[in-house]
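Below is one structure, written out as structure tokens; the observations come after it.
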Amino acid sequence: MAEEEKDFIFSDICVEENLVYRKPDTLTDTELHYCPGCGHGVAHKILMEVVDELGIQNETIGVAPVGCSVFAYHYLNVDMQEAAHGRACAVATGIKRVQPDKFVFTYQGDGDLAAIGTAETIHAANRGENFLIVFINNGVYGMTSGQMAPTTLPGMVTTTSPFGRDTKIHGYPLKIANLVASLPGVAYVTRQSVHKPVNVRKAKKAFQKAFEYQKRGLGTCLVEIVSNCPSNWRMTPLESNKFVEDKMIPFYPLGDLKVPEGK
Amino acid sequence: MSKKKLMKGNEALAEAMIRAGCDAYFGYPITPQSEVIEYLSREATNRTGMVVLQAESEVAAINMIYGSAACGRRVMTTSSSPGISLMQEGLSYIAAAELPCLVANINRGGPGLGTIQPSQGDYFQATKGGGHGDYHLIVLAPSSVQEMVDYVLLGFELSEKYRCPTMLLTDGAIGQMMEKVELFEQMPRKTEFPDWATTGKPKDSDRRIITSLFIQPEKMEQINLGLQRKYREIEKNEVRYQTIDTDDADYIFTGFGLGARICTKAMELGRAKGYKIGVIRPQTLYPFPYDLYFEHSKKVKGIFDVEMNAGQMVEDVRLAVLGNTRVEFYGRMGGIIPTPDEILENFEKMFLQ
Ligand SMILES: Cc1ncc(C[n+]2csc(CCOP(=O)(O)OP(=O)(O)O)c2C)c(N)n1
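As given, the protein sequences belong to chains A and F, one line each in that order. Letter by letter, the first sequence follows residues 900 to 1162 of this note's numbering. Letter by letter, the second sequence follows residues 70 to 422 of this note's numbering.
Here it is, written out as structure tokens:
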């Protein structure tokens, strides 16, 4: 870009009056390390917009899992703890039990939440721990480069199910959100996606509700985001969003699985 | 100080935890230490508001400890050998993230599911790391119910001073036996927390991040060097031990915890027969009193190490004496406690015949 052109953009276009979108202070300036087209970035953004809009940045503690979002604390501008693989719900229990007046959330992948961390997830929910579990379901182990996850669809090819997930060998995909929704201590379980603008708006609404319920002490909230993994699905971002629409969502239908009583 | 009270080791430990102003306990039942969580469930929350939660597993318990320790709270868990094995991953994370906390291992016989009887078979696991990576726990070895009380306070203080997870390594016998104890007065729970604690990002400064992940090798090495500096500092300042009649001793009996207590009795029997025996009892197993053994090794004819395991601390004793003197070992396993007579007899066999 020519110098003059740059000057023009910065002095005449990038001015306060023209501002239509501002990154909230709850997100840092650090560049995301996620692959192009990955849903993690959008999920981070709407989650932190909600924290910003509710004005709870200084009373929120997040738990980053092991998985692609292991570095979430680089981006989320709130106090953060990194948890061992699968242990986010136990760590969050420790945080919330000693600071019941603070807002606490975990942000976990499907391997973290529904394989190695199943016990911690189910039992935290069964105790009705009053925090938000954000569950990013991309059907694979992203960080370790695309092995089968507990949520991998039947027939879906991954590096450890190279001939497609065979339910006779690998068992069936675990709909852990449905399991969690069946527990009495749980206030709110919803399944959303971020592959289209309309879904992004709905997912953001879900986060708003979850923090509201947490404030009211209603119990565990789980927001599942049916997401994508273009790199490990070996797809372009667009193809991956189409796969979400055509394959993932029919298996993991969107919508509320549980809402607080009287709602 | 209040009057002396007759208490069971595990209950004294739990009472000390409450009085030390502990904020939270997370644990999972296992013999021979389930009295701890039972006692706390009855006593703690009513008295101090302390959180007491039965976790779904020791894996969960140690990670709850991680979460609450990272909020700057005074927190503790207890378990026995198989449960402590499950906690090793969490302890490695806690050591790496430099979080203070106290863990008691009421050691039972292993390996495997083993036996519920007392053992000292977890010395290696406690003192050499136990989990992955280069780290240490500060390890205190109580040998009486009184020390179960005193070391809770000491353990919290050391772990907070160095931001280093601390372990009380004791055994089922001390956990289960009743002795007179003097308890310290109730201390208030903390109302202010360290500035590294995740209590919500302050308005005018950066967020706090508790992590053990440092992907760049150079950074990870710096973290390791920092930990090692801390361990050298602990080794310099915090070695604790007890010596009995070592001044004129020809022979040293040594052991830790209950083993050392029985050695002391065996020493008395030996002295009555005219053998000049002294006792060394390390109270800290990490840091280990290497220098103390080295100094004595130049003066004595031999060191007799007695443990309720196959010979674990004896490796540190041998390392300490640098071949200056003869070191022999006698141990019982499987939950069997050696008697003083048996110890003396074996000493005579090994050193005097
Ligand atoms: C105890 C342990 N086992 C295995 C791993 C390796 N590991 C890191 S991330 C991961 C899978 C993460 O997948 P997921 O939770 O689905 O999150 P994603 O990366 O897809 O966002 C695994 C197996 C680990 N770090 N720790």
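Yeah, the Cβ is synthetic: ideal placement off N, Cα and C, and Gly gets one too.
Within the stretch 296 to 321 of chain F, the complete beta strand (DSSP E) segments of 3 residues or longer fall at 310 to 313, listed in chain order. Taking non-hydrogen atoms of ligand 1 into account, the C-beta of Thr1051 of chain A is found less than 7 Å away from none of them. Using beta-carbon distances, Met217 of chain F does not count as an interface residue toward chain A, since no partner is under 8 Å.
Secondary structure of Thr117 of chain F (DSSP, three-state): helix. Flagged as an interface residue toward chain A: Arg142 of chain F, by a C-beta distance shorter than 8 Å. For ligand 1, a non-hydrogen atom lies closer than 7 Å to the CB of Ser968 of chain A. Within the same chain, Thr1089, Gln1091 and Val1122 come within 7 Å of Ala1105 of chain A by CB-CB distance, once the 5 residues on both sides are set aside.
Our two residues, Lys288 of chain F and Gly1118 of chain A, have alpha carbons roughly 40 Å apart in a direct line. Here DSSP, grouped into helix, strand and coil, assigns Gln1046 of chain A to strand.
For the stretch 960 to 983 of chain A, the residues whose beta carbon sits under 7 Å from a beta carbon of chain F are, in order, Ile960, Val969, Tyr972, Asn976, Val977, Asp978, Met979, Gln980, Glu981, Ala982 and Ala983. Taking 8 Å as the cut-off, the beta carbon of Pro98 of chain F is found no closer than this to the beta carbon of Ile406 of chain F. Look at Thr1066 of chain A here: in three-state DSSP terms it is helix.
For Asp1009 of chain A, the distance from the CB to the nearest heavy atom of ligand 1 is below 7 Å. Ranked by Cα distance from Arg177 of chain F, the first of F:Val218, F:Gln157, F:His201 and F:Pro151 is F:Pro151. One finds Ala983 in chain A with Cβ atoms closer than 8 Å to the Cβ of Glu158 of chain F, taken in chain order. Between Lys288 of chain F and chain A, the shortest Cβ-Cβ separation is not below 8 Å.
Pairing Pro1072 of chain A with Pro1049 of chain A gives a Cβ-Cβ distance under 8 Å. With contacts defined as CB atoms closer than 8 Å, Lys367 of chain F and Val250 of chain F fail to qualify as a contacting pair. Rounded to the nearest whole angstrom, the CA to CA distance from Asn293 of chain F to Tyr300 of chain F is 10 Å. Using a Cβ distance threshold of 8 Å, Ile163 of chain F and Thr146 of chain F do not count as a contacting pair.
Within 10 angstroms of the beta-carbon of Arg1133 of chain A lie fewer than 16 other beta-carbons, which makes it exposed. The Cβ-Cβ distance between Gly1038 of chain A and Cys1128 of chain A falls below 8 Å. Across the stretch 983 to 1002 of chain A, CB contacts with chain F closer than 7 Å involve Ala983, Arg986, Ala989, Val990, Ala991, Thr992, Gly993, Ile994, Arg996, Val997, Gln998 and Lys1001, in sequence order along the chain. At least one heavy atom of ligand 1 lies less than 7 Å from the C-beta of Thr1043 of chain A. If you draw a straight line from the Cα of Ile243 of chain F to the Cα of Ala81 of chain F, it comes to about 11 Å.
The Cβ atoms of Cys967 of chain A and Ile1032 of chain A do not sit closer than 8 Å to each other. Ligand 1 approaches Asn1037 of chain A closely enough that one of its heavy atoms is under 7 Å from the residue's Cβ. In the three-state DSSP reduction, Glu904 of chain A falls in the helix class (H, G or I). For Glu104 of chain F, DSSP records no beta bridge to any residue.
Under the three-state reduction of DSSP output, Phe1034 of chain A falls in the strand class. Taking a Cβ-Cβ threshold of 7 Å, the residues of chain A close to Leu122 of chain F are Arg996, in chain order. Within the stretch 1020 to 1035 of chain A, contact with chain F at the beta-carbon level (separation under 7 Å) is assigned to His1022. Ser148 of chain F: member of the beta strand (DSSP E) spanning Val144 to Ser148, first to last residue. The way I'd put it, the stretch 109 to 118 of chain F doesn't touch the stretch 949 to 967 of chain A; fewer than three beta-carbon pairs between them come closer than 8 Å. For chain A, the residues of the stretch 129 to 155 of chain F that bring a beta carbon within less than 7 Å of one of its beta carbons are Ala129, Asn132, Met133, Ile134, Tyr135, Gly136, Ser137, Ala139, Cys140 and Arg142, in chain order. In this structure, the alpha-carbon of Ala318 of chain F lies about 5 Å from that of Ile346 of chain F.
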